[in-house]
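Report on the following structure.
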Amino acid sequence: MEKSAVFSSKLLPYLLLVPQLIITFVFFYWPASQALWQSFLREDAFGLSSEFIGMENYQALFAQPEYYKAMLTTLVFSTLVAGLSLTIALLFATQADKSLKAAPAYKTFMIWPYAVAPAVAGVLWIFMFHPSLGTLARPLRWMNFDWNPLLNGNHAMALVVMAAIWKQISYNFLFFLAGLQSIPKSVIEAGAIDGAGPMRRFWTIIFPLLSPTSFFLLVVNVVYVFFDTFGIIDAVTGGGPAGATTTMVYKVYADGRLGGDLGSSAAQSVVLMIIVIALTAVQFRYVERKVQY
Amino acid sequence: MANVALRNVHKTYPGGVEAIKGIDFEVGDGQFCVLVGPSGCGKSTLLRMVAGLETITGGDIDIGGRIVNQIEPADRDIAMVFQNYALYPHMSVYNNMAYGLRNRGMPKPEIDTRVQEAARILEIGALLDRKPRQLSGGQRQRVAMGRAIVRQPKVFLFDEPLSNLDAKLRIAMRVEIRKLQRRLKTTSIYVTHDQLEAMTLADILVVMNGGRVEQIGNPLEIYQKPATTFVASFIGAPPMNLMPLRDAGGFKAAGGDGILGIRPEDILLLNEAPAGGLALNLTVEAIERVGAETYIYGVRSQQGDAPTVSAKPGELPPGEVIVRVPGAIAPAIGERIRATAPREKLHLFSADGRQRIDL
Chain A
1 MEKSAVFSSK LLPYLLLVPQ LIITFVFFYW PASQALWQSF LREDAFGLSS EFIGMENYQA
61 LFAQPEYYKA MLTTLVFSTL VAGLSLTIAL LFATQADKSL KAAPAYKTFM IWPYAVAPAV
121 AGVLWIFMFH PSLGTLARPL RWMNFDWNPL LNGNHAMALV VMAAIWKQIS YNFLFFLAGL
181 QSIPKSVIEA GAIDGAGPMR RFWTIIFPLL SPTSFFLLVV NVVYVFFDTF GIIDAVTGGG
241 PAGATTTMVY KVYADGRLGG DLGSSAAQSV VLMIIVIALT AVQFRYVERK VQY
Chain B
294 MANVALRNVH KTYPGGVEAI KGIDFEVGDG QFCVLVGPSG CGKSTLLRMV AGLETITGGD
354 IDIGGRIVNQ IEPADRDIAM VFQNYALYPH MSVYNNMAYG LRNRGMPKPE IDTRVQEAAR
414 ILEIGALLDR KPRQLSGGQR QRVAMGRAIV RQPKVFLFDE PLSNLDAKLR IAMRVEIRKL
474 QRRLKTTSIY VTHDQLEAMT LADILVVMNG GRVEQIGNPL EIYQKPATTF VASFIGAPPM
534 NLMPLRDAGG FKAAGGDGIL GIRPEDILLL NEAPAGGLAL NLTVEAIERV GAETYIYGVR
594 SQQGDAPTVS AKPGELPPGE VIVRVPGAIA PAIGERIRAT APREKLHLFS ADGRQRIDL
């Protein structure tokens, strides 16, 4: 049913596509292919020469126990962040959807964190939870809780997870709220008359009707936790202590930028890219089936 | 099976707006009650209060001898058909109808019996596996009805259920709703702004305006004896002609002040006014020929600057009179005609239009 525009000139439609194609090419395909190529090379310490070594970078990478640890860390981190930020955002959105007087103010406060840069968000959380300076860490100490994200890997993980969730909730909240508001009120009222209590209404009517939004957010959030949380991890823990918060994307940075091993870093980028593409494909293949459009 | 009684029902919104200003009426068991009025008169709000979707801020609503003010919609034993049908978009037609029964923990075989029975009555048996988006407007309307009847509730509530349908389908569904209601004998309350729908469906007609009841009664009785000028001009199309009594050519009544009304079909094109009747000289401004009848829009030729009366809905421009005559009659534009009406066909109201005065 899509209407297609008809161009009298053969050239014009291609010209109109050019800006988008250039951007995609320059900022995605080119770096991606560079990374792919780089992953087959070994560079000397001064960056003066490089030699082709085939799959050696990959072999070395998969021989590293640290890499499997980073994978596990990523799995824990991404499950927690994506799962919790989606759940909490949905909870908040359902509350904001009620006709409250304070709803506009509430919504504004909910959206603010999204305007904070990831690194700044990280710094905010350090101020709150730094073991000796943190405003919220001290009450934890008084309660005889040995809070120390600088030494305890689990504490560090909890901290980056909280920061990453806090950052992402706004985004998810906005979409969930828009999704909720697009559900006709009369459908929910019909549910109420049909004898469904609030919880049953939520699970049998609202949640299924929200599924296109939820699916979209799931895809976006998975990409977010894999890539965009780098800034938060870098600012809060720097991947520590002892690699407890080194996710795959952070390891790409640490090995390549800090360790100077560009070949391995590139190989990790490629692996990460393949994983995210595969995950997205799986979501579209299996989760999308359950979506009600 | 139940009667519904409203006693001094009020609704004031938190902002202080009073939407319903004290309403009393009763719908007997199995009767079909229609609430009619212009948009914003509070008829939908009132229906939603009966359904339990709006709180009641004053008075009582009684369904089947039980005051339901504090009772949840689910427990009032009512079913509602919404204007936009409010079908569950993600459920099949079957599940749309079964949902309310499942929520009440009815055993599966009985759910199936009831859904199949409703589908048979409404002739939607072939659509049970479809999703609402795959249905036409009329089919959705049937599913919405089906969802209401499977529950076998005490009361059906209809909130302008036909206003999203095209004209032809609306008439067909109107007849069907009436037949269905007669057959099931379920007490019904139906909201509409369409006076024709109201007239044809109602056992009891409640005409509302500005949060109040203007008149309650049998539709024909209301048509024949409207209690106020509002009802007179709202019920009936084209609307009743209204004019100040002192301006009504040749007609005299006790008191001298008031508003005179004549239905367009009660006007006769005769030279001599019947004794004690009304006679008006009109210049034809426009005519509408709809086949079976002709509507003549005339302007009073005499007393050009005479004051005129306005009654809100369907209001006529000052000095204009509508005459409804058989389709064969078609005066030319600009032609002068003499319109007369016998005394027994005239309606007289107090000067403020709030009261009917018997002639």
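Chains as they are written, first to last, in the numbering used here: chain A, 1 to 293; chain B, 294 to 652. Don't be surprised by glycine CBs; every beta carbon is placed ideally from N, CA and C. All values derive from a computational prediction rather than experimental measurement.
Beta-ladder partner(s) of residue i, from DSSP
{"i": "B/Leu553", "result": "B/Met536 and B/Leu641"}
{"i": "B/Arg649", "result": "B/Phe642"}
{"i": "B/Thr485", "result": "B/Val329"}
{"i": "B/Leu573", "result": "B/Ala632"}
{"i": "B/Ala298", "result": "B/Glu319 and B/Asp355"}
{"i": "B/Ala579", "result": "B/Tyr590"}
{"i": "B/Thr480", "result": "B/Val448"}
{"i": "B/Val614", "result": "B/Gly591"}
{"i": "B/Glu311", "result": "B/Thr305"}
{"i": "B/Arg475", "result": "In the DSSP output, where bridge partners are listed per residue, B/Arg475 has none listed."}
Residue i (DSSP reduced to helix, strand or coil)
{"i": "A/Glu288", "result": "helix"}
{"i": "B/Asp317", "result": "strand"}
{"i": "A/Phe10", "result": "The displayed chain sequence assigns Lys, not Phe, to residue 10 of chain A. Residue state, collapsed to three classes: coil."}
{"i": "B/Leu328", "result": "strand"}
{"i": "B/Glu628", "result": "coil"}
{"i": "B/Gly439", "result": "helix"}
{"i": "B/Glu558", "result": "helix"}
{"i": "B/Gly510", "result": "strand"}
{"i": "A/Ser85", "result": "helix"}
{"i": "A/Val236", "result": "helix"}
{"i": "B/Tyr306", "result": "coil"}
{"i": "A/Ile126", "result": "helix"}
{"i": "A/Thr245", "result": "coil"}
{"i": "B/Pro635", "result": "coil"}
{"i": "B/Pro619", "result": "strand"}
{"i": "B/Arg467", "result": "helix"}
{"i": "A/Ile277", "result": "helix"}
{"i": "A/Thr204", "result": "helix"}
{"i": "B/Arg444", "result": "coil"}
{"i": "A/Val282", "result": "helix"}
{"i": "A/Val116", "result": "coil"}
{"i": "A/Ala266", "result": "helix"}
{"i": "B/Ala530", "result": "coil"}
{"i": "A/Ala32", "result": "helix"}
{"i": "B/Ala599", "result": "Because the pLDDT of B/Ala599 is 46, which lies under 50, any placement of that residue in the model is unreliable, and the question is left without a value."}
{"i": "A/Gln20", "result": "helix"}
{"i": "B/Lys605", "result": "With a pLDDT of only 45 at B/Lys605, under 50, the local geometry of the prediction cannot be trusted, and the value read off the model is given with reservation. Residue state, collapsed to three classes: coil."}
Continuous beta strand (DSSP E) stretch holding residue i: start and end
{"i": "B/Leu498", "result": "Ile497 to Asn502"}
{"i": "B/Ala566", "result": "Element bounds for B/Ala566: n/a, residue is neither H nor E."}
{"i": "B/Phe451", "result": "Val448 to Asp452"}
{"i": "B/Tyr590", "result": "Glu586 to Arg593"}
{"i": "A/Phe52", "result": "Ser50 to Phe52"}
{"i": "A/Glu43", "result": "Leu41 to Glu43"}
{"i": "B/Glu234", "result": "Residue 234 of chain B is absent from the structure shown; chain B starts at 294 and stops at 652."}
The alpha helix (DSSP H) enclosing residue i, as first and last residue numbers
{"i": "B/Leu340", "result": "Lys336 to Ala344"}
{"i": "A/Pro104", "result": "Ala103 to Ile111"}
{"i": "A/Pro198", "result": "Pro198 to Arg201"}
{"i": "A/Thr213", "result": "Ser211 to Val223"}
{"i": "A/Phe62", "result": "Glu56 to Ala63"}
{"i": "A/Val294", "result": "With chain A running from 1 to 293 in the structure shown, residue 294 of chain A is simply not present."}
### Message
Please give me, in chain order, every unbroken run of the beta strand (DSSP E) with length at least 3 that falls completely inside the region 350–427 of chain B.
### Response
351–356 and 371–374
### Message
Tell me whether the region 435–448 of chain B and the region 417–425 of chain B touch, counting them as touching only if at least three CB pairs, one residue from each stretch, are closer than 8 angstroms.
### Response
yes
### Task
At 4 residues or longer, and completely inside the region 133–170 of chain A: list those alpha helix (DSSP H) runs for me, N to C.
137–142
### Task
Give a yes or no on contact between the region 565–572 of chain B and the region 633–650 of chain B, applying the rule of three or more CB pairs nearer than 8 angstroms.
yes
### Task
Answer yes if the region 220–235 of chain A comes into contact with the region 97–112 of chain A, meaning at least three C-beta pairs across the two stretches below 8 angstroms, and no otherwise.
no
#### Entry: Inter-stretch contact (C-beta, 8 angstroms, three-pair minimum) for the region 383–393 of chain B and the region 333–346 of chain B
no
### Task
Pair every Cβ in the region 239–253 of chain A with every Cβ in the region 11–25 of chain A, then say whether three or more of these pairs are closer than 8 angstroms.
no
### Message
Three or more C-beta pairs under 8 angstroms: does that hold for the region 167–176 of chain A against the region 79–99 of chain A?
### Response
yes
### Message
Assess contact between the region 310–317 of chain B and the region 405–412 of chain B, defined as three or more Cβ pairs (one per stretch) separated by less than 8 angstroms. Is contact present?
### Response
no
### Message
Within 8 angstroms, do at least three Cβ pairs link the region 180–187 of chain A to the region 130–150 of chain A?
### Response
no
### Message
For the structure I just gave you, are there three or more beta carbon pairs, one from the region 56–69 of chain A and one from the region 273–288 of chain A, closer than 8 angstroms?
### Response
no
### Contact between the region 488–506 of chain B and the region 618–633 of chain B (3+ Cβ pairs under 8 angstroms)
no
### Against chain D: residues of the region 195–213 of chain A by CB proximity under 9 angstroms
In the structure shown, chain D does not exist; the protein chains are A and B.
#### Entry: Three CB pairs or more closer than 8 angstroms across the region 196–215 of chain A and the region 445–453 of chain B
no
### Query
Is there contact between the region 493–503 of chain B and the region 457–474 of chain B, where contact requires at least three CB pairs shorter than 8 angstroms?
yes
### Query
If you pair each beta-carbon of the region 572–587 of chain B with each one of the region 614–623 of chain B, do three or more pairs fall below 8 angstroms?
yes
### Message
Using 8 angstroms as the cut-off, can you tell me whether the region 23–42 of chain A makes contact with the region 203–213 of chain A, which would need three or more C-beta pairs spanning the two stretches below that distance?
### Response
no
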